[in-house]
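Student: Residue numbering for the sequence shown follows the numbering used here, starting at 26 and increasing by one per position.
A single structure is presented below for examination.
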Amino acid sequence: MEEKARIMDEQAVNRALVRISHEIIEKNKGVENLAIVGIRRRGVPLAKRLADYISSIEGVNVPVGILDITLYRDDLSSLTSQPVVHKTEIPFNITNKDIVLVDDVVYTGRTVRAALDALADLGRAKTIQLAVLIDRGHRELPIRPDFVGKNVPTSREEIVEVRLEEVDGENNVVILKR
26 MEEKARIMDE
36 QAVNRALVRI
46 SHEIIEKNKG
56 VENLAIVGIR
66 RRGVPLAKRL
76 ADYISSIEGV
86 NVPVGILDIT
96 LYRDDLSSLT
106 SQPVVHKTEI
116 PFNITNKDIV
126 LVDDVVYTGR
136 TVRAALDALA
146 DLGRAKTIQL
156 AVLIDRGHRE
166 LPIRPDFVGK
176 NVPTSREEIV
186 EVRLEEVDGE
196 NNVVILKR
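As structure tokens, this is what we get:
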């Protein structure tokens, strides 16, 4: 696959996360009942970064959890015969909490649907809001993020790749051509 365009550099990623942090605080009228849950893989470092920004703004530590959705996916059988399941690590009770679910890219909405199912098995949150770095469109389900770093119209032949320091050793977002 070849890189077609670099749509966010490190500064743009950081600016988007700072803006989303302010939007989360504003929408929730503070952070009193807030918890952030990152969807494994790249949603996790984004969730931790958002929590750090919110902490620096509000002076309050917001709990962060890690959600593995592997067994909740509706395409599991087409992915692999031996799925690798990682641990969900949510060290707090989600019941009656305002949860911000974090992922890197929203595309069809199916990952988010799986995450909602996984969260429902853990308790009944007061609210669940969705924060994504990139919204690329092409929804197959009626799912819409509450907080978006950047809207990027794409074709189905393109791939949006979010690269994060914690996973990839760099911070940027690119569009790849198949």
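Idealized CB from N, CA, C, for every residue including glycine.
A quick note: this is a predicted structure, and the numbers were derived from the prediction, not measured.
(1) Using DSSP bridges, identify the partner residues of MET26.
(2) Rounding to the nearest angstrom, what Cα-Cα distance links GLY148 and GLY90 in this structure?
(3) Could you please give the first and the last residue of the uninterrupted beta strand (DSSP E) stretch that includes ILE124?
(4) Could you name the residues of the same chain whose beta carbon sits closer than 8 Å to that of VAL157, not counting the 5 residues immediately before and after it, in chain order?
(5) Considering only the alpha carbon of each residue, which of SER46, VAL62 and LYS29 lies closest to ILE115?
(6) Please check the pair ILE215 and VAL187, which I expect to be a contact at CB under 8 Å, by giving their CB distance rounded to whole angstroms.
(7) Tell me ASN176's beta-bridge partners as DSSP assigns them.
(8) With SER124 and ALA60 assumed to form a contact (beta carbons below 8 Å), what rounded beta-carbon distance in angstroms separates them?
(9) Given this structure, state the Cα-to-Cα distance separating THR113 from MET26, to the nearest angstrom.
(10) Can you check DSSP and say which residues form a bridge with VAL187?
(11) Can you say whether VAL85 is buried or exposed, counting buried as having 16 or more other CB atoms within 10 angstroms of its CB?
(12) Identify, in the order they occur along the chain, each residue of the same chain with its Cβ nearer than 7 Å to the Cβ of GLU28, setting aside the five sequence neighbours on each side.
(13) Under DSSP, the alpha helix (DSSP H) around ALA41 begins and ends at which residues?
Tutor: Quick look at the numbers:
(1) None, per the DSSP bridge assignment.
(2) Using only the alpha carbons, I get a separation of about 14 Å.
(3) Its beta strand (DSSP E) spans residues 123-131.
(4) Excluding residues within five positions, the ones whose Cβ falls inside 8 Å are VAL127, ASP128, ASP129, VAL130, VAL131, PRO170, PHE172, VAL173 and GLY174.
(5) When the alpha-carbon of ILE115 is set against those of SER46, VAL62 and LYS29, the nearest one is in VAL62.
(6) Outside the shown range of the chain (26 to 203) lies residue 215, about which nothing can therefore be said.
(7) According to DSSP, ASN176 bridges with ASP160.
(8) Per the sequence shown, residue 124 should be read as Ile rather than Ser. Indeed they touch by this definition, with Cβ atoms about 6 Å apart.
(9) Between THR113 and MET26, the alpha-carbon positions lie close to 32 Å from each other.
(10) Looking at the DSSP assignment, VAL187 forms a beta bridge with VAL198.
(11) Exposed, because fewer than 16 other Cβ atoms sit within 10 Å of the Cβ of VAL85.
(12) Excluding the 5 residues flanking it on each side, GLU28 has same chain C-beta neighbours closer than 7 Å at VAL199 and LEU201, in chain order.
(13) Annotation for ALA41: the continuous alpha helix (DSSP H) segment containing it runs 35-52.
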